[in-house]
Each structure stands twice: as structure tokens, then as C-alpha cells.
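In our numbering, the protein residues as written are 7 to 357.
Note that the Cβ used here is the ideal one computed from N, Cα and C, for glycine as well.
Quantities reported herein were computed from a predicted structural model and do not represent experimental measurements.
Scroll down for the structure; my scribbles are underneath it.
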Ligand code: SF4
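Here's what the structure looks like:
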């Protein structure tokens, strides 16, 4: 049964919902490996290097109230996270993006909390695009107006991310009581209508069913400019209402990444290093991901607390994993990239 479904996927035929459900329900380790191998084979047909995306967190001052129950990013939500309120000055954003560019990382995500009608996103886009050659993803959730999206397009923002997290509306309302799913869908529609590449992902392990994930995949197909799907495994942040909810298992994350790759052969599949855990980056690549996010160079000028968990992937370690696996990272030839390429350790210690 599994062989037949995977062969169908390799032959570029669409899978039916019940076939996708069969993939999610696999228990046998041999079948699990077959799903991963199929995802990697599909990724290799794209012949693209593994993209690296660094990050700038613009602000954690979030006006959403009540706060999302899992959030450890917004000010005051978790002592493990940033906790104290911050709003980065233009100069600080500039220093960070210049540092990222110098490291050879080709892409930056500028993300921030909700309550500024996208003005912070537009400012970041201006700073990035007027001062660097970095590809830019902006993620301020649903805090975007039509006018802000037009301005993001004006500054040649490459990608705008608005994660729906889950399309199970009852679950969404329970976990994100200060937001609505409709607001997020509306932003995805506006981004797509503006012709900007849309990134929109799944937060998994929140209590959603496999059918919810399948419905989510089917829902995403409506957005014409969908170019990226982040798969984010839930991790509990201490001090939040969900601190006792179990973390999403690595196996569940790998399976979901692989199924996403099988269903969306051409799409960039992003795994943030904080959600899978920096020590597990190789497992996301074994499942068919082709973009690692929240990758931070040694010389990065600011403290970073990952969204979804406080840890993050260091550029040197991430490059070592990619090289060890015989894959090719997308790394620009900059001053520091030579340094990184020449100093990649042969083995990685698990932290
Ligand atoms: S997850 Fe985002 S929108 Fe929700 S409270 Fe945290 S910063 Fe605000």
C-alpha cells in the first residue's frame, strides 16, 4: 500500500486525502524510512542548494490580547524568552543585517510582534533592501494592512510570511484567543493578490488531528503565490499557559516535513532551527526540507531567543551538518563565508 502511494507521488500524480492519511498513520520503521527517502528523492529533483535564512526580531511588544497560549516571544510571556520589552532602532536592524550579509547567509527574516499595522515591517524592508543584497522575508503575522503590503512590494520584499498555524478553527480560537483565523487568511490573500511570494506554515503538535493537517495542506493551495511552507513543531515555553503540553516529537515533525515535500515538490520547505532543535537539523534535511531558518552567525550583534523555543542554530554548526550530509548550502561568497567554509568542523557535538 505504502509503496503504491509513494510510487504515485514519484510519478507526480496527486494523492487522495485517504492516501495522505495512510502516510501520516505509518507505524513501521521501514515505511517511515521509505517516506523520508521519497521526500529526499523529490527534493533532489529540484537541484536547489539548501537555503539558509537568518533572523532579526524587530520587537516583542505585542498588542494581541489575550496572548497566544503558547507564546514565549511577546514581552512578559516567558522568562526563557526575551521577556523584557524591546523595539529595535533602525541602526540596530542595520547592524544585524549587515552582519548577516557579511557572513554569507543569503536571506534574512525580519519578524516582529503585532500592533503596528505593518509600519515596522515596511521600515525593516527599506533598511534591508536599501543597504544589502539579502533576500528578505517579513513576518509580522496578521499585523499588515493593504497599504503596508503595497509598500513591502515597493521595496521588493521577496516573501511575506503569515502562518495560519492550524486551520482547525476551534483549536485556533482556543490557542490564539486574541486573533482570528479569518484575519490571518485575509492577510495571506492580500499578499497573494499583491503578487508577493507567500510563506504560510503549520504549527504542529498543538492537538490537531492528521485530518486537520491534510485540510491545512489543501487550504494552502488556494494561494497563487504560495512559495514556502514552514513546518514548526510545538515546544512548550516555560511560564506560558501551555508549558505542560508535550513537545511535538521529532518523528512527527520529520513525517510532516516529508509529507509536505511529497505533496508540494517545488515548494521551499522551511524548518526553523529553534523548533526542531539545533541538534536535530540533520533530521529535517533527511525529511526533505530545503530551508533552515533562524541560523545565526558567531558575530551576530544581538541576543536571539528563538520563536517557538529559546535556542537557535549557529551558522558554523548548520553548515557542518549540511556538508556532512553531502548537500550544498546556498552561501554567498562574502568575506566571512570563506572563513566559515574553511573552518567547518568535521563532526558536530550534540548540544
Ligand atoms: S504568538 Fe505572536 S501574535 Fe501571539 S502573542 Fe505571541 S507575538 Fe503576539
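query, result
"Spatially closest choice to residue 169 from 100, 99, 223, by CA coordinates", "223"
"Nearest-angstrom beta carbon gap, residue 123 and residue 163 [assumed within contact, 8 Å]", "16 Å between Cβ atoms; not a contact."
"Residue 232 versus residue 196 - alpha carbon distance", "12 Å"
"Residue closest to residue 192, alpha-carbon to alpha-carbon, out of 297, 165, 147, 82", "147"
"Short Cβ contact (7 Å threshold) for residue 212 with residue 178", "no"
"Buried or exposed (CB count within 10 angstroms, at least 16 for buried), residue 96", "exposed"
"Buried or exposed (CB count within 10 angstroms, at least 16 for buried), residue 294", "buried"
"Environment of residue 59 [buried if 16+ CB atoms lie within 10 Å]", "buried"
"CA-to-CA distance, residue 321 to residue 103, given in whole angstroms", "15 Å"
"Residue 80 beta carbon near ligand 1 (any heavy atom closer than 6 Å)", "yes"
"Simplified DSSP assignment, three categories, for residue 155", "helix"
"Residue 234 - DSSP class collapsed to helix/strand/coil", "strand"
"Which of helix, strand or coil DSSP assigns to residue 99", "helix"
"Any non-hydrogen atom of ligand 3 closer than 6 Å to residue 308 Cβ", "With respect to ligand 3, the structure shown offers nothing to examine, as its ligands consist of ligand 1."
"Residue 90 classed as buried or exposed, judged by whether at least 16 other C-beta atoms fall within 10 angstroms", "exposed"
"Residue 56 in three-state terms, based on DSSP", "strand"
"Under 7 Å between C-beta atoms of residue 280 and residue 318", "yes"
"Residues near residue 71 in its chain [Cβ-Cβ closer than 7 Å; skip 5 each side]", "184"
"Straight-line Cα distance separating residue 278 from residue 297", "8 Å"
"Residue 332 classed as buried or exposed, judged by whether at least 16 other C-beta atoms fall within 10 angstroms", "exposed"
"Between the CA atoms of residue 107 and residue 339 - distance to the nearest angstrom", "10 Å"
"Inter-stretch contact (C-beta, 8 Å, three-pair minimum) for the stretch 246-259 and the stretch 216-230", "no"
"Residue 77 beta carbon near ligand 1 (any heavy atom closer than 6 Å)", "yes"
"Cβ shell of residue 54 (< 7 Å), same chain only, five flanking positions each side left out", "296"
"Buried or exposed by the 16-neighbour rule on C-beta atoms within 10 Å, applied to residue 110", "buried"
"Counted within 10 angstroms of its Cβ, other Cβ atoms place residue 64 as buried (16 or more) or exposed", "buried"
"Interface flag, residue 108 vs chain B, CB-CB below 7 Å", "Of the protein chains in the structure, only one exists, and it is not chain B."
"Residue 74 beta carbon near ligand 1 (any heavy atom closer than 6 Å)", "yes"
"Alpha-carbon spacing of residue 312 relative to residue 158, whole angstroms", "24 Å"
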